[in-house]
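What follows is a single structure, written as structure tokens, with notes after it.
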Amino acid sequence: MGHRFSVHDISDVTLVTTTETVVATLTGVTTTKPGQRVCLTGRVTLTTGTATTNVRLRVRRDSLTGTEIPEAPNDAAEAAAGGIESHDIYVEDSTLGERSGATYVLTVTQTAASANGVTSQQSLIAEVEP
């Protein structure tokens, strides 16, 4: 097993209707050789806003405007609007070279929401393959 980096947070993050929102930031991810894969797992527990039909999790490099690793499909909302539910994402980033202190962010977007949602727990884990 390679190196593991993680962030876990239980503070509330407001999801403003249909705006993509950063809910977790993981810093310091380092690879030591070209082509090393970074396996990223994210999990969010949230209460959806009114009229939400789908929830989309994304992992991006660097920031909210960074490169998406790779595109992830939407998840159908599991509960009625205002219900508590959990969503997961698993993606792999094959780096083009060594990276020192890289940052990844986990984002959430609600589809068709007419009111804000809120996360109550979020985590992002990166495992760098040996």
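Using our numbering, the first residue of the sequence shown is number 54, and each one after it goes up by one. Ideal placement from N, C-alpha and C gives every residue a C-beta, glycine not left out.
Asked: With a cut-off of 8 Å on the beta carbons, I'd call L93 and V161 a contact; round off their distance for me.; Found: Not a contact, Cβ separation roughly 15 Å.
Asked: Take T120 and list the residues in its own chain whose beta-carbon comes closer than 7 Å to its own, dropping the five residues that flank it on each side.; Found: R113 and R114
Asked: Closest by CA to Q174, which one among G88, G102 and D65?; Found: D65
Asked: Ordered along the chain, which non-local residues of its own chain (more than five positions away) have a Cβ less than 8 Å from that of G154?; Found: T80, G81, V82 and T83
Asked: Run through DSSP, which three-state label would D146 get?; Found: strand
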